[in-house]
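K.L.:
Protein chains: 2
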Amino acid sequence: MDNERPNLTEDDTELDEETLFIVSQTFKALGDPTRIRILNLLAERECAVSEISDKLHLSQSTVSHQLRFLKNLRLVKFRRAGTSIYYSPDDQHVMALLHQAIHHACHD
Amino acid sequence: MDNERPNLTEDDTELDEETLFIVSQTFKALGDPTRIRILNLLAERECAVSEISDKLHLSQSTVSHQLRFLKNLRLVKFRRAGTSIYYSPDDQHVMALLHQAIHHACHD
DNA sequence: TTATTATATGAACACTTATTCATATAAGTC
DNA sequence: GACTTATATGAATAAGTGTTCATATAATAA
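Line by line, the protein sequences give chains R and G. Taking the working numbering, the leading residue of the first sequence gets 112, the next gets one more, and so forth. Taking the working numbering, the leading residue of the second sequence gets 112, the next gets one more, and so forth.
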């Protein structure tokens, strides 16, 4: 655990290119309503592709494409169970960002 | 100030359309490297358009367009001083999201 | 093996978006 | 007034994105 004081040695100069890329990629991932809905559902519980499809009224293809997107960014993980594949969140930092944003949007 | 306990009555069911729109708009705003750089600079200190242009090596037009975008979402505010217009952040929630994301990107 | 079920994938398309260029507006100076 | 400086804006363009359709893959059951 870090100490409580803000880190005064850390300045706010220009961000390096890699950080900029990671941060923008992360926010882009959260910048689409479909992906938000999927992540919000997965936050509740692990789901198979078909469950996501059904619950959110999205085509199987759309869900699969978006899950690939989220998987590439390591925002979700998956496990196989027979012919089904169950997805769940895999980045607690990003999920925390999402929940904060949702909370603010609901209460402001 | 709210109490410390997580709100157990709040469930994670489907988000309403308005919340979904606000959240996705917010994250879209943070999903572009140029806007991230601008907000990160403004976090340090209030800047005129030309200062942003110079510091970030962006055209005046690009900066102006992006500031309009951020202004429309009420993420920045501005004040006039002669012919210059000084911009600064206007949404501490969103700035907090940005700082968190940057922090995570730098340290993971 | 064949058939079925669940998921993934590639191509096409419509739509969105970030930047540039040219120009407009607005305040200050002479 | 004319001129300069700072910023805003509209149109055009190139690049990116989300969905759909058709099809492929993979596991299972018969």
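Cβ coordinates follow ideal geometry from the N, Cα and C atoms, glycine included.
1) Excluding the 5 residues flanking G:R148 on each side, which residues of the same chain have their C-beta closer than 7 Å to its C-beta?
2) Run down chain G in chain order and give the residues with a C-beta less than 9 Å from the C-beta of R:I163.
3) How big is the Cα-Cα spacing for G:L208 and G:L152?
4) Am I right that G:V160 and G:I196 are in contact with their C-beta atoms under 8 Å? What's the rounded C-beta distance?
5) Using a Cβ cut-off of 9 Å, pull out every chain G residue sitting near R:K188, in sequence order please.
6) Please name the residue in G:A216, G:H215, G:Q203 and G:C217 whose C-alpha comes closest to that of G:L150.
7) Regarding G:R185 and the ligand ATP, is the C-beta to nearest heavy atom distance less than 6 Å?
8) Please classify G:S172 as buried or exposed, where buried requires at least 16 other C-beta atoms within 10 Å of its C-beta.
9) Taking all protein chains shown into account, decide if R:H218 is buried (16 or more other Cβ within 10 angstroms of its Cβ) or exposed.
10) Have a look at R:E115 and R:M206 and give me their C-alpha separation to the nearest angstrom.
11) On a CA-only basis, which of G:L184, G:P144 and G:D165 is nearest R:L126? Give me that one, please.
12) In chain order, which beta strand (DSSP E) runs of at least 3 residues are fully inside the region 146-212 of chain G?
13) Which bits of chain G does R:D143 rub up against, with CB to CB less than 7 Å?
14) Might you give, ordered along the chain, the residues of its own chain that have their beta carbon closer than 7 Å to the beta carbon of G:G142, omitting 5 neighbours on each side?
15) Within a Cβ cutoff of 8 Å, which residues of the same chain sit near R:R146, ignoring the five residues on either side of it in sequence?
16) Please list the residues of the region 148-180 of chain G that have a C-beta atom closer than 7 Å to any C-beta atom in chain R, keeping them in chain order.
17) How many angstroms separate the CA atom of R:E155 from the CA atom of R:V187?
18) Of all the options R:S170, R:A216 and R:Q136, which has the alpha carbon lying nearest to the alpha carbon of R:N183?
19) Less than 7 Å between CB atoms is the rule here; does R:L208 satisfy it with respect to chain G?
20) In this structure, does DSSP put R:T130 in helix, strand or coil?
21) Does G:K139 come within less than 7 Å of chain R when only Cβ atoms are used?
P.N.:
So, from the data block:
1) L167
2) What R:I163 touches in chain G: nothing, since even the nearest Cβ is about 12 Å away.
3) 15 Å
4) 6 Å
5) Neighbours of R:K188 on chain G: none; closest Cβ ~16 Å, over 9 Å.
6) G:Q203
7) Judged by which ligands are present, the structure shown has none, so any question about the ligand ATP falls away.
8) exposed
9) exposed
10) Confidence in R:E115 is poor, its pLDDT being 40 and thus under 50, which makes the residue's placement too unreliable to answer from.
11) G:P144
12) 187-192 and 195-200
13) S135
14) none
15) A140, Q177, F180 and L181
16) R148, N151, A154 and E155
17) 13 Å
18) R:Q136
19) yes
20) helix
21) yes
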